[in-house]
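K.L.:
Residue numbers (my numbering), protein chains in the order written: chain L, 1 to 442; chain Z, 1 to 340; chain C, 1 to 289.
(1) Going by DSSP, what residues sit across from residue 183 of chain L in a beta bridge?
(2) Exposed or buried, which one is residue 142 of chain C when buried takes at least 16 other CB atoms within 10 Å?
(3) Between residue 213 of chain Z and residue 23 of chain C, is the Cβ-Cβ spacing less than 9 Å?
(4) Using a beta-carbon distance below 9 Å, is residue 147 of chain C in contact with chain Z?
(5) Look at residue 290 of chain L and residue 152 of chain L and say whether their C-beta atoms are less than 9 Å apart.
(6) Smallest Cα separation from residue 143 of chain Z: which of C:52, C:76 and C:16?
(7) Hey, is residue 119 of chain Z's beta-carbon within less than 9 Å of any beta-carbon in chain C?
(8) Return helix, strand or coil for residue 185 of chain Z, following the three-state DSSP convention.
(9) Show which residues of chain C have a CB atom less than 9 Å away from the CB atom of residue 191 of chain L.
(10) State the beta-bridge partners of residue 375 of chain L as determined by DSSP.
(11) How far does the alpha helix (DSSP H) with residue 45 of chain C in it reach, from first residue to last?
(12) For residue 307 of chain Z, which residues in chain C fall below 8 Å Cβ to Cβ?
(13) Indicate whether at least one CB of chain A lies closer than 9 Å to the CB of residue 211 of chain Z.
(14) Taking the alpha carbon of residue 72 of chain Z as the reference point, which residue from L:302, L:321, L:431 and L:254 has its own alpha carbon closest?
(15) Sorted by chain position, which residues of the same chain lie with C-beta nearer than 8 Å to residue 211 of chain C's C-beta, five sequence neighbours on each side aside?
(16) For residue 46 of chain Z versus residue 87 of chain C, is the C-beta spacing smaller than 9 Å?
(17) According to DSSP, which residues form a beta bridge with residue 232 of chain C?
(18) Rounding to the nearest angstrom, what Cα-Cα distance links residue 300 of chain Z and residue 195 of chain L in this structure?
(19) Since residue 86 of chain L and residue 34 of chain L are thought to touch, with beta carbons under 8 Å apart, how far apart are those beta carbons, to the nearest angstrom?
(20) In three-state terms, what does DSSP make of residue 66 of chain L?
(21) Hey, could you find the ends of the beta strand (DSSP E) residue 150 of chain L is sitting in?
(22) Could you tell me whether the region 61-71 of chain L touches the region 35-50 of chain L, where touching means 3 or more Cβ pairs closer than 8 Å?
(23) Do you know whose CA, among C:261, C:239 and C:240, lies nearest residue 248 of chain C's CA?
(24) According to the Cβ coordinates, are residue 133 of chain L and residue 329 of chain L closer than 9 Å?
(25) Taking DSSP's pairing of strands, which residues face residue 33 of chain L in a bridge?
(26) Have a look at residue 164 of chain C and residue 311 of chain Z and give me their C-alpha separation to the nearest angstrom.
(27) For residue 56 of chain Z, return the contacting residues in chain C, with the cut-off set at a CB-CB distance below 7 Å.
(28) Does residue 270 of chain Z have its Cβ less than 9 Å from a Cβ in chain C?
(29) With a CB to CB cut of under 6 Å and the five nearest residues on each side skipped, what residues in its chain are close to residue 185 of chain L?
(30) Mind pulling the alpha helix (DSSP H) runs of 4 or more residues that sit fully within the region 156-209 of chain C?
(31) Please classify residue 226 of chain Z: does DSSP put it in a helix, a strand, or coil?
(32) In chain Z, what lies closer than 8 Å to residue 33 of chain C by C-beta?
(33) In terms of residue numbering, what span does the alpha helix (DSSP H) encompassing residue 73 of chain C cover?
(34) Do you know how far the Cα of residue 176 of chain L is from the Cα of residue 359 of chain L?
(35) Secondary structure at residue 136 of chain L, three-state DSSP: helix, strand or coil?
(36) Alpha carbon to alpha carbon, how far is residue 232 of chain Z from residue 249 of chain Z?
Printed below as a string of structure tokens:
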């Protein structure tokens, strides 16, 4: 038995060995390692762009790889100073920015395919603010998103419901929908963070950009000011009166299925909705969108959305400079147009959307965006993950009616105060409110 | 009003059932009234739980015979494939399973689980037996301390070592890669690199290490019970220490070895956390991990057929093995737990 | 006649090497990390006891999670033991079908928790395929949201009892089978009914086993992870977090590995405390015999 036992042991070890052939690549072309988060959009666009760059640039190869768990794999490598050249995934960018791990990007270089313009000029206004630290831009968004209310034109047409333009219209149409036996709003109850977009939309309607910026800048009293309380109250009213009664146990797909199967009339979601539900949408579904109506006359309409899918170049990588060039190529107007085609979402580069024939739902979204005077996007969870988590928990209490709106505001105020007064938590650069949006009276 | 009367009726029905059964037992079997009541309550309780255990599985098995669309349309009816068995409907059912097996990687999950569990068990039992042997029978410097160190490991929660291991693995990967690259280059064979993340070998070693405390603990107790004359006789006959161990002493500890092997196999087969953190690729995942990701992500395609088929693929082999080995299992569990 | 020191070392080496590298060293590192603000992407900085003071605060997420662990130990934990005891009692009475019951009841215990989770996600689902809601609706009740975060821990009670009773039942049965029948006969001759026999003969002799099962329950309750993680689709909320899921979430989703390490140290200390205290109590009981 002894011999067999030992042999068995050896066999076991060898059979299970995880050795793999290493990649050599020392005196070859410049190798850019491009790590991408593999999510709902897949890697198609990234693949094509990488190949195009290889053809356009001599002596460069792009080694693209993707996985849904990319950020986990990269974390230890970043720590040890062995990062990939360029990554497009959900790493803790704010930490990396502070830690000096990202290469400052030179926005004054000429843009690809747009002679006479610098790289920085090609972007939509304000879209690079999030990733600018101490005067340097450290990451570039490759998608421009938005938070809208989706609806099915066919269903609404058949039932004679009108897209609301005023708040009174909005309440009225919700009541009509309810009377017809359909839940007005589908809601992704297992992920209460979906309510945060609606809440901040209400906040901007109630108190203008200043009220929103106050919360983003952790100003004392921002959450207990009257716009915030009004927004919380409206949020709770909408949730308790108009959300699908079953929604809290549903995941995002399940609730969106309710919407797509016409058991709910609307759903608040980002621009990824169509792509996410593509396989399950009936062929006669006419997806379109509108946004929350205004609450005050003196507050202009603003698009809630901003840059996302951030792409960064690592300072410590072997070919960081070439990687920066690749990033410039990736965010060129033609490539961004291809992104719009591929993803059904929008891009942060000016004019890219005009180069593409947009499907009707995206066209509706773009119309909203063009009408908007400005855009805003919450960055609380980007800079303060703990605070972001608190907000998710608190908003869940708010929308299920477990706490009163004032209590929600108090809790958020307390949480923000804790972050503000904690010297260990580095504070984000403040969000600026352009002068033209500052109103004379609060 | 009606629903509560329904509930009331059900409760009354239950009480009537117990009473009626008790009366039967009292009359037919001659139990005293008190005994009959107790026994009757016992029957009702046990049979109810039996139903509660069996029914969900039956439902899952039946539902897995339906394609996704039928599941969504009528989740509680008899599957169409049973009502009207045509070639077409059988093919749809087979599709569910075929997709789960190949496209959704359940074949890989299953193979990986078997491989990892078997290797871990062999390694753990072998290594733990060796250590337990000397810890149980021979005095040496630091014996008590070593034993206590192993015992302490039984109290470490998995999360304690999770985070440091995550970073330690990549450090170890690097060192190991550098060494193997240099060595294989020097030897002229194509450069090989060792990776510790997403590697079965690493996971096997990790599982072994984590299973050692319990296994050493149980086996030490067993090793103590083997008479030492056997070893002395073997040594006199010219065997080395090693041979004495493998050929004479170890077989004596077989009940303990079997029980430890079973316990460990179950533990590793069902393990989720470490597999979740350290295995990335679809093709490398184990069964619990695969099943969990299917149920977490299955919504993405709303593919209930896949989820049910995957669940059946996971459960049926376990059920078969269980029915086969069930007596050993219960004995192993009892021995393992009560010895502690 | 003892094996040489070298031989002993050879026997011990694989176990000690593996254990040190994969368990002891990480455990020590965890201890070290817990005093830093390690994020996982930047160099750790020493912050002393700040992590510990933060988690000891009564309002912290850690305390809320610990209370959830307590709930799991107290409610499904003790319910499982009681149900298992009841099952063992009845099966010990040699009711017809006992063999079948043993086999059937133990089965849920050997399934991977992922399979149990998948099964119950389907059964408790709030969509059309959920069996329980279907029954409720047929009876006229409104469908309940079993899988929502707020209700999750309560919904876990039947699931844990369903899955865990079999294991403890086997243990109790094994212990019961070693009670000599002469004791029962003596009690019967004294006129004791079934219930009295149980209370005065069975239970006292089972005390050790019950105590051990209690320890298993408590330690298992403190380590609980899989079901909650899968039910909450990897994103538990403050209502549904337990210590184990919170540690994972903190370390990997919120990039606070130092804080996560501190929490795992506290979890370990709690487990250690429970074990030591119960061992002490155990020993005291044994001496009385």
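Built from N, CA and C at the ideal position, the CB exists for glycine as well. Since the model is a prediction, treat every value here as computed from it, not as a measurement.
P.N.:
If we stick to the structure as given:
(1) In the first chain, residue 183 of chain L corresponds to position 183, counting from 1. L:264, per the DSSP bridge assignment.
(2) One-based indexing of the third chain puts residue 142 of chain C at position 142. With a 10 Å radius around the Cβ and a threshold of 16 neighbouring Cβ atoms, residue 142 of chain C comes out exposed.
(3) Residue mapping note: residue 213 of chain Z aligns to position 213 of the second chain, counting from 1. Residue mapping note: residue 23 of chain C aligns to position 23 of the third chain, counting from 1. Here residue 213 of chain Z is near residue 23 of chain C, since their CB atoms are less than 9 Å apart.
(4) Against the third chain, residue 147 of chain C aligns to sequence position 147. Taking Cβ atoms only, chain Z never reaches closer than 9 Å to residue 147 of chain C, which makes this a no.
(5) The residue you call residue 290 of chain L lines up with position 290 of the first chain. The residue you call residue 152 of chain L lines up with position 152 of the first chain. No.
(6) Position 143 of the second chain, counting from 1, holds the residue named residue 143 of chain Z. Nearest C-alpha to residue 143 of chain Z among C:52, C:76 and C:16: C:16.
(7) For this step, residue 119 of chain Z is matched to residue 119 along the second chain. By the rule that beta-carbons nearer than 9 Å mark a contact, residue 119 of chain Z does not touch chain C.
(8) By 1-based counting over the second chain, the position of residue 185 of chain Z is 185. Note: residue 185 of chain Z maps to helix in three-state DSSP.
(9) As a position in the first chain, residue 191 of chain L is number 191, starting the count at 1. Neighbours of residue 191 of chain L on chain C, chain order: 233 and 235.
(10) If you number the first chain from 1, residue 375 of chain L lands on position 375. Its beta-bridge partners are L:303.
(11) One-based indexing of the third chain puts residue 45 of chain C at position 45. Counting along the chain, residue 45 of chain C falls outside any alpha helix (DSSP H), and DSSP gives it neither H nor E.
(12) As a working mapping, residue 307 of chain Z is identified with position 307 in the second chain. Neighbours of residue 307 of chain Z on chain C, chain order: 118 and 122.
(13) No chain A appears in the structure shown, which is made up of the protein chains L, Z and C.
(14) By 1-based counting over the second chain, the position of residue 72 of chain Z is 72. The residue with the shortest Cα to Cα distance from residue 72 of chain Z is L:254.
(15) Taking the first residue of the third chain as 1, we reach residue 211 of chain C at position 211. So the qualifying residues of the chain are 278, 281, 282 and 285.
(16) The residue labelled residue 46 of chain Z in the question sits at position 46 within the second chain. The residue labelled residue 87 of chain C in the question sits at position 87 within the third chain. Yes, Cβ-Cβ distance for residue 46 of chain Z and residue 87 of chain C is below 9 Å.
(17) Stepping through the third chain from its first residue, residue 232 of chain C is reached at position 232. The partner list for residue 232 of chain C (beta bridge, DSSP) is empty, contrary to what the question assumes.
(18) Numbered from 1 along the second chain, position 300 holds the residue referred to as residue 300 of chain Z. Numbered from 1 along the first chain, position 195 holds the residue referred to as residue 195 of chain L. Residue confidence is low: residue 300 of chain Z scores 48 on pLDDT, short of 50, so the model does not pin down where it sits. No coordinate-derived value is stated.
(19) In the first chain, residue 86 of chain L corresponds to position 86, counting from 1. In the first chain, residue 34 of chain L corresponds to position 34, counting from 1. Residue 86 of chain L to residue 34 of chain L, Cβ: 5 Å. Contact.
(20) As a position in the first chain, residue 66 of chain L is number 66, starting the count at 1. Reduced to three states, the DSSP call for residue 66 of chain L is strand.
(21) In the first chain, the residue the question calls residue 150 of chain L occupies position 150. Annotation: the continuous beta strand (DSSP E) that includes residue 150 of chain L extends over 148-152.
(22) The region 61-71 of chain L vs the region 35-50 of chain L: in contact.
(23) For the purposes of this step, residue 248 of chain C is identified with residue 248 of the third chain, where counting begins at 1. The residue with the shortest Cα to Cα distance from residue 248 of chain C is C:261.
(24) Numbered from 1 along the first chain, position 133 holds the residue referred to as residue 133 of chain L. Numbered from 1 along the first chain, position 329 holds the residue referred to as residue 329 of chain L. No, these two residues do not count as a Cβ contact at 9 Å.
(25) Taking the first residue of the first chain as position 1, residue 33 of chain L is located at position 33. The beta-bridge partner set that DSSP reports for residue 33 of chain L consists of L:63.
(26) As a working note, residue 164 of chain C is residue 164 in the third chain. As a working note, residue 311 of chain Z is residue 311 in the second chain. Spanning the two alpha carbons is a distance of roughly 20 Å.
(27) Position 56 of the second chain, counted from the first residue, corresponds to residue 56 of chain Z. Those within 7 Å of residue 56 of chain Z in chain C are 119 and 123.
(28) Counted from its first residue, the second chain places residue 270 of chain Z at position 270. Yes, residue 270 of chain Z counts as interfacial toward chain C.
(29) As a working note, residue 185 of chain L is residue 185 in the first chain. Contacts found: 242, 243 and 266.
(30) Runs of the alpha helix (DSSP H) spanning 4 or more residues and lying entirely within the region 156-209 of chain C occur at 181-189 and 194-197, in chain order.
(31) Translated into the one-based positions of the second chain, residue 226 of chain Z becomes position 226. Note: residue 226 of chain Z maps to coil in three-state DSSP.
(32) The residue labelled residue 33 of chain C in the question sits at position 33 within the third chain. Contact annotation for residue 33 of chain C against chain Z: 163 and 164 [CB-CB distance below 8 Å, chain order].
(33) If you number the third chain from 1, residue 73 of chain C lands on position 73. Residue 73 of chain C: not part of any alpha helix (DSSP H); DSSP gives it neither H nor E.
(34) On the first chain, position 359 is the one that residue 359 of chain L refers to. On the first chain, position 176 is the one that residue 176 of chain L refers to. One C-alpha to the other measures close to 29 Å.
(35) As a position in the first chain, residue 136 of chain L is number 136, starting the count at 1. DSSP places residue 136 of chain L in strand when its eight states are reduced to three.
(36) The residue given as residue 232 of chain Z occupies position 232 in the second chain. The residue given as residue 249 of chain Z occupies position 249 in the second chain. When rounded, the distance between both Cα atoms is 11 Å.
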